[in-house]
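Protein chains in written order, with the UniProt record's numbering: chain R, 1 to 428; chain V, 1 to 428.
C-beta atoms are modelled at their ideal positions from N, C-alpha and C, and glycine is treated no differently.
Accompanying notes for the structure given below.
Shown next as structure tokens:
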């Protein structure tokens with residue numbers, strides 16, 4: 001692409017803070033401004049360089065300092081950063097123009113805007129005084145990984161579009177599976193057809209496995225029986241389970257959320273589950289999915305995987321273990337017991353963007369049978385076909401969106417963090 | 001969280017390249033190493049600071065230079081960067097350990113690893129010689145926006161968790177809608193119930209509107225009629241449309257992909273559509289969704305929105321306009337004609353991560369009736385409830401995943417780019 005450029009605005013230095021190397025050249029990446037009469041007055045044509053290395057260097061350094069200063073101030077002057085944003089709904093509308101600005105602004109102006117208009121609307125999740133949901137969910141390593149990911153701007157929707165993306169994802173998920181002592185059948189190098197794939201969130205993870213399980217059972221019983229399918233969770237199960245089922249066309253009244261109470265520490269009672277299944281079978285329903293949770297979001301309840309797994313096995317039902325909230329803690333040997341019984345699960349998910357210090361969002365999912373996911377979600381358009389045979393790298397196409405864009409930020413995170421993770425003691 | 005730290009490994013300088021400020025203090029963010037006998041031998045307890053400002057500053061600058069050098073080399077020594085990765089499937093497995101490394105590595109070691117092991121597996125989408133799919137899909141501004149987003153690590157799954165995230169998304173999507181001259185009913189400030197929301201990709205966008213349209217029609221006709229629902233696209237429509245329908249439980253044989261040929265430049269023939277609808281109605285099917293495309297991925301075909309819109313209106317069918325691939329070009333006045341007829345659409349989507357230089361992924365979606373999306377996809381768990389009334393900021397909960405994590409990177413992008421975007425001439 002090329003632009004005509006005149007000289008109307010191209011001699012200012014606002015855009016790059018005036019430090020010399022991009023002033024006055026009318027370049028897209030410098031401070032030039034393409035005015036309407038560029039071509040008309042015979043201006044020279046300049047090449048667009050969206051990723052100009054020197055502009056990236058200069059402005060990237062400014063941005064690093066901006067972010068580092070934010071964390072410094074958050075630490076040194078907590079009184080200036082109320083953890084919970086104090087703005088009123090609609091506050092921003094009055095501070096911004098009604099239409100997109102007509103002219104570019106300098107980075108300095110833009111960062112001033114961020115400080116004055118955006119910062120008051122930020123709830124400071126990384127503040128040392130933040131204790132809602134889950135605290136301190138990112139890290140310097142996570143941030144650096146995101147930078148590298150965004151900087152290389154890798155697109156990974158097939159193996160060929162950047163082989164490292166697909167391969168690293170698979171390898172690192174094997175590493176993580178080993179740290180969690182997941183059974184061999186969840187490894188891409190295991191004897192079966194298992195493996196891991198990164199989803200955006202636990203909500204996406206439960207959605208894709210509900211779909212995989214749904215299609216597996218419908219293939220057997222015929223798709224007209226969709227209205228007979230039933231699923232099981234507890235009244236502590238995350239709301240995304242219901243959402244996933246509704247997306248997949250499961251009838252709302254067929255979502256059984258079993259009652260829990262303090263007698264089981266709000267874990268799902270296996271007897272209630274088996275009773276519900278028997279009852280449903282007797283009435284002609286088709287039980288096909290159990291969502292067990294290790295650390296529910298609402299109450300940190302832990303469902304008893306061993307008896308639930310036995311029931312799932314007995315009745316041939318897909319057992320998903322949603323450990324999005326707390327599962328990563330099971331890397332610690334003293335907490336591994338909470339996923340004892342995982343051997344009988346068909347899928348397992350946890351969020352690396354919680355206690356593993358990955359940035360939002362990074363939600364590894366492991367499945368025993370990757371073909372169930374691929375069958376449910378594959379697309380094979382001509383423009384994504386390629387000649388290289390990749391079967392032995394276990395190429396997944398399991399995201400509900402085409403792109404799976406994670407690159408070695410994960411690698412970065414685990415290289416640096418693994419030792420800390422394995423040894424850390426989590427304070428109650 | 002606190003760690004016991006001994007002195008076994010905590011006096012090295014590997015982790016931060018030994019430049020002084022973090023060496024030898026056993027700090028989590030420095031180069032300390034938590035060994036197993038930390039507590040046993042009475043070591044001091046140090047606080048964990050996952051986002052240590054000075055470590056972030058130091059390592060962030062190193063990372064900026066690494067990325068800037070990559071783009072410099074890509075430009076200056078293209079021979080060292082074959083655009084298409086030349087590795088063989090499985091290449092990475094042999095270069096990495098089987099398990100996660102036990103000890104942290106220095107940033108320098110890690111970046112060496114990236115250069116030697118990851119880079120050969122990268123297909124260089126930002127290379128000036130890259131012409132597949134869509135070229136040069138990011139920019140310095142996009143990168144800086146991602147840095148800021150990752151750096152602040154904002155979580156936006158409700159208004160309260162960072163009001164600026166929700167509000168800025170809505171405002172900027174109004175800006176973009178105005179640039180595209182979308183009809184008033186797609187604006188959050190319009191007379192109706194419309195508005196914009198950012199999805200990850202065009203694939204996600206078509207999924208959420210298929211679900212919204214499905215639930216709208218099933219509410220009317222009863223959910224047992226799901227097997228009667230039919231949808232329409234063309235043989236040029238993106239494969240994600242089929243995938244979205246299958247996820248939503250639409251029967252595969254009810255997906256009508258109408259034949260196109262060179263006589264309509266591979267656009268969907270309105271006569272074929274009307275004929276198919278009449279035929280389906282006569283047989284008792286329920287037509288509920290048309291996916292029209294402006295710039296198909298396979299052939300850049302443009303479906304004729306005006307006649308398709310009239311048909312959709314006549315039969316009360318949801319019309320989605322998938323302009324993921326080419327829609328952003330319609331910001332240019334000379335290309336706006338390609339979305340003439342958008343007035344009769346129920347939803348419109350385009351990808352800002354294509355010609356608008358946003359990083360992957362950023363896919364704005366506008367709908368005429370936001371409640372159709374909210375009804376289909378809302379969740380109301382207790383832990384996401386809050387007391388503030390936000391109705392007048394039009395808070396959407398329309399992502400299929402809970403988090404909608406975009407923050408003012410968009411603002412950044414549009415501030416800087418809007419002038420260029422509106423004036424640019426796209427070379428054929």
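- Residue 311/R places its beta carbon 8 angstroms or farther from that of residue 275/R.
- Assigned with DSSP and collapsed to three states, residue 240/V falls in helix.
- Within chain V, the residues 57, 60, 61 have their CB atoms less than 9 angstroms from the CB of residue 65/R, given in chain order.
- What residue 50/R touches in chain V, judged by beta-carbon distance under 9 angstroms, is 126, 136, 137, 138, 139, 140, 141, 142, 357, going in chain order.
- For residue 256/R, same chain residues with a beta-carbon under 8 angstroms away, outside a window of 5 residues either side, are 230, 231, 232, 233, 276, 280 in chain order.
- With respect to the C-alpha of residue 168/R, the residue from 144/V, 218/V, 94/V having the closest C-alpha is 94/V.
- Taking every protein chain shown into account, the CB of residue 131/R has fewer than 16 other CB atoms within 10 angstroms, so this residue is exposed.
- According to the DSSP assignment, residue 364/V belongs to the beta strand (DSSP E) that extends over 363-367.
- A straight-line Cα-Cα distance of about 49 angstroms links residue 370/V and residue 102/V.
- Contact annotation: residue 186/V and residue 366/V have beta-carbon atoms nearer than 8 angstroms.
- Contact between the stretch 173-192 of chain R and the stretch 341-352 of chain R is established, with three or more Cβ pairs separated by less than 8 angstroms.
- Residue state for residue 293/V is assigned as strand, using DSSP reduced to three classes.
- C-alpha of residue 224/R to C-alpha of residue 86/V: approximately 47 angstroms in a straight line.
- Contact note: residue 179/V reaches chain R through 100, using a C-beta cutoff of 7 angstroms and chain order.
- DSSP places residue 66/V in the helix class (H, G or I) of the three-state scheme.
- Around residue 271/R, no beta-carbon contact reaches into chain V at under 9 angstroms, the shortest distance being about 26 angstroms.
- The beta-carbon of residue 251/R is placed less than 8 angstroms from the nearest beta-carbon of chain V.
- The beta carbon of residue 313/V sits closer than 6 angstroms to those of 344, all from its chain and outside the five residues before and after it, given in chain order.
- Looking at the DSSP output, residue 320/V shares a beta bridge with 291/V, 347/V.
- Exposure of residue 222/R is indicated by the presence of fewer than 16 other C-beta atoms within 10 angstroms of its C-beta.
- In terms of Cβ geometry, residue 142/R and residue 326/R do not form a close pair [threshold 8 angstroms].
- At a cut-off of 8 angstroms, the C-beta of residue 164/R has a neighbouring C-beta in chain V.
- For residue 255/R, the enclosing beta strand (DSSP E) stretches over residues 255-258.
- Of the residues 300/R, 283/R, 239/R, the one whose Cα lies closest to the Cα of residue 262/R is 300/R.
- In the three-state reduction of the DSSP assignment, residue 73/V falls in the helix class.
- According to DSSP, residue 234/V shares a beta bridge with 258/V.
- Under the DSSP assignment, residue 331/R falls outside any beta strand (DSSP E); it carries neither an H nor an E label.
- With a 10 Å radius around the Cβ and a threshold of 16 neighbouring Cβ atoms, residue 204/R comes out buried.
- When the beta-carbon positions are compared, residue 92/V and residue 124/V stay at least 8 angstroms from each other.
- The three-state secondary structure of residue 309/R, taken from DSSP, is helix.
- Here residue 148/R is near residue 67/V, since their CB atoms are less than 8 angstroms apart.
- Remark: C-beta atoms of residue 296/V and residue 228/V do not approach each other more closely than 8 angstroms.
- DSSP links residue 197/R through a beta bridge to 365/R.
- DSSP places residue 170/V in the helix class (H, G or I) of the three-state scheme.
- Using a Cβ-Cβ cut-off of 7 angstroms, residue 155/V is close to 125, 360 of chain R, given in chain order.
- Taking a C-beta cut-off of 7 angstroms against chain V, the contacting residues of the stretch 279-301 of chain R are 297, 298, listed in chain order.
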